[in-house]
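Chemist: Residue 265 is where the sequence shown ends in the UniProt record's numbering, and the numbering goes up by one at each step.
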Amino acid sequence: MPRLKLTLEYEGTRYVGWQTQPNGPSIQSTLQDALLKLLGESVFVASAGRTDSGVHATGQVACFDAGRVLPLKAYTMGLNGILPPDISVVHAEEVSQDFDPRRWSRGKRYRYRLSNRRMRSPLLRATHWEVFAPLDVEAMRRASQALLGRHDFSAFRAADCQAKHAVREVRQVRVEGVSGESLAVVVEGTAFLKHMVRNLVGTLVEVGKGRRPEAWVAEVLASRNRKLAGATAPPQGLVLEEVFYGDGPPPRSSGDVAAVEEDEG
1 MPRLKLTLEY EGTRYVGWQT QPNGPSIQST LQDALLKLLG ESVFVASAGR TDSGVHATGQ
61 VACFDAGRVL PLKAYTMGLN GILPPDISVV HAEEVSQDFD PRRWSRGKRY RYRLSNRRMR
121 SPLLRATHWE VFAPLDVEAM RRASQALLGR HDFSAFRAAD CQAKHAVREV RQVRVEGVSG
181 ESLAVVVEGT AFLKHMVRNL VGTLVEVGKG RRPEAWVAEV LASRNRKLAG ATAPPQGLVL
241 EEVFYGDGPP PRSSGDVAAV EEDEG
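1) Should D136 and G210 be called a contact, given that it needs their Cβ atoms to be closer than 8 Å?
2) When you compare only the Cα positions, how much space is there between P213 and G49?
3) Taking the C-alpha atoms as reference points, what is the distance between D160 and R226?
4) Answer yes if the region 89–109 comes into contact with the region 10–23, meaning at least three C-beta pairs across the two stretches below 8 Å, and no otherwise.
5) Less than 6 Å between C-beta atoms, sequence neighbours within five positions excluded: which residues of the same chain meet that for K5?
6) Buried or exposed: H128, going by 16 or more other Cβ atoms within 10 Å of its Cβ?
7) R168 and A191: beta carbons closer than 8 Å?
8) Count the other CB atoms within 10 Å of the CB of S253; is the residue buried (16 or more) or exposed (fewer)?
9) Relative to the alpha-carbon of R68, which residue among A184, F156, S42 and L123 has its alpha-carbon at the smallest distance?
10) Does W216 come out as helix, strand or coil in the three-state DSSP assignment?
11) Enumerated in chain order, which unbroken segments of the beta strand (DSSP E) with a length of 3 residues or greater are wholly contained in the region 64–119?
12) Would you mind giving the Cβ-Cβ distance between M140 and L204, rounded to the nearest angstrom? I have them listed as a contact below 8 Å.
13) If you drop the 5 nearest sequence neighbours on each side, which residues of the same chain put their C-beta closer than 6 Å to that of L183?
14) Out of G189, A233 and L221, which has the shortest C-alpha to C-alpha gap to G202?
15) Does DSSP classify R150 as helix, strand or coil?
16) Run the CB neighbour count on A34, radius 10 Å, all protein chains shown included, and call it buried at 16 or more, exposed below.
17) Could you tell me the alpha carbon to alpha carbon distance between residue 271 and M196, rounded to whole angstroms?
18) If we ignore side chains and look at the alpha-carbon of each, how far apart do P2 and E241 end up?
19) Using the beta-carbon count (16 or more within 10 Å), is R157 buried or exposed?
20) By a C-beta neighbour count over all protein chains shown, 10 Å radius and 16 as the cutoff for buried, is P122 buried or exposed?
21) Which residues in the same chain as Y245 place their Cβ atom closer than 7 Å to its Cβ, once the five residues preceding and following it in sequence are excluded?
22) Can you look up A62 in the DSSP assignment and give me helix, strand or coil?
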């Protein structure tokens, strides 16, 4: 029974998120329905992380066991002929039987997109957070550096986050673009808490608007108090850009192995 790893791109506007739910279509259920048509049997598809309602991806990783052998192009060309146009399989490969897309992950990169134009953009509203006030991008860049490294990110987790602890390592934060145009906040780390990236972005935007000083971001981080941070940025700007893997599962002694069992959104 081959195990297949799929890399997915999707526009999440009309979905309730990755995970199958009773209140609307999900990426997971839509993909499983398409695989049922392709394979003639039901399969369960696991992912590297459960993206929230309205969140997009260019590098989501999914995995399942197939009951029969098909050429890999059946999972790209063939499956894309069944899937709706807002979901695409961009790569397929066979992996070892013990591959787990979440536990084997060594990190993820998210991109949060903002439109800083003075007027609304009908073409960007489903994929960007439209912030009409001028943003001091350089101040946001300087403030973001306080987030680098291994910290307790309790101040940036969702109230209903089920993670056992809030310690995470952020490897990279970049604020790209210029004020008045399209911007992006790129965050790479070993693992993320629920709404962590969106809460980080909402906090940096407070600095960009001049409502808070640059040093405030470090103060919020040290406080571990979610009530002191900025508002959660809306979901449509968030993209799961890439999931990183090595040659095998992370060492069991790693402090982030437990962390990757939790989900971000």
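Note that CB positions come from ideal geometry on N, CA and C, so glycine has one too.
Modeler: Reading from the atomic positions:
1) Within the sequence shown, residue 136 is the residue found at index 136, counting from 1. Within the sequence shown, residue 210 is the residue found at index 210, counting from 1. The answer is yes: Cβ separation under 8 Å.
2) Mapped onto the sequence shown, residue 213 falls at position 213. Mapped onto the sequence shown, residue 49 falls at position 49. Those two C-alpha atoms are separated by around 33 Å.
3) The residue labelled residue 160 in the question sits at position 160 within the sequence shown. The residue labelled residue 226 in the question sits at position 226 within the sequence shown. Whole-angstrom Cα-Cα distance: 12 Å.
4) no
5) Locating residue 5 in the sequence shown gives position 5, counting from the first residue. Contacts found: C63, E93 and V95.
6) The residue labelled residue 128 in the question sits at position 128 within the sequence shown. So H128 ends up on the buried side.
7) Taking the first residue of the sequence shown as 1, we reach residue 168 at position 168. Taking the first residue of the sequence shown as 1, we reach residue 191 at position 191. Closer than 8 Å, so yes.
8) Here residue 253 refers to the residue found at position 253 of the sequence shown. With a pLDDT of only 45 at S253, under the threshold of 50, the placement of this residue in the model should not be trusted; the figure read from the coordinates follows. The residue in question, S253, is exposed, as its Cβ has fewer than 16 Cβ neighbours within 10 Å.
9) Against the sequence shown, residue 68 aligns to sequence position 68. Of A184, F156, S42 and L123, the residue nearest in Cα terms is S42.
10) Here residue 216 is taken as the residue at index 216 of the sequence shown, counted from 1. In the structure shown, W216 sits in a helix (DSSP, three-state: H, G or I).
11) 87–95 and 107–115
12) Residue numbering aside, residue 140 sits at position 140 when the sequence shown is read from its first letter. Residue numbering aside, residue 204 sits at position 204 when the sequence shown is read from its first letter. About 5 Å separates the two Cβ atoms, so the contact holds.
13) The sequence position of residue 183 within the sequence shown is 183, counting from 1. Once the five neighbours on either side are set aside, the close Cβ partners of L183 are L114, N116 and G177.
14) The residue given as residue 202 occupies position 202 in the sequence shown. When only C-alpha atoms are compared, the closest one is A233.
15) Counted from its first residue, the sequence shown places residue 150 at position 150. Strand.
16) One-based indexing of the sequence shown puts residue 34 at position 34. Buried: at least 16 other Cβ atoms inside 10 Å.
17) The shown model of the chain, from 1 to 265, leaves out residue 271, and the question about it has no answer.
18) Against the sequence shown, residue 2 aligns to sequence position 2. Against the sequence shown, residue 241 aligns to sequence position 241. The straight-line gap from Cα to Cα measures roughly 26 Å.
19) For the purposes of this step, residue 157 is identified with residue 157 of the sequence shown, where counting begins at 1. Its Cβ being crowded by 16 or more others within 10 Å, R157 is buried.
20) On the sequence shown, residue 122 is found 122 positions in, with the first residue counted as 1. When all chains shown are included, P122 counts as exposed.
21) Here the question's residue 245 lines up with position 245 in the sequence shown. For Y245, where only same-chain residues beyond five positions count, the Cβ hits under 7 Å are W104, S105 and R106.
22) Counting from 1 along the sequence shown, the entry for residue 62 is found at position 62. Reduced to three states, the DSSP call for A62 is strand.
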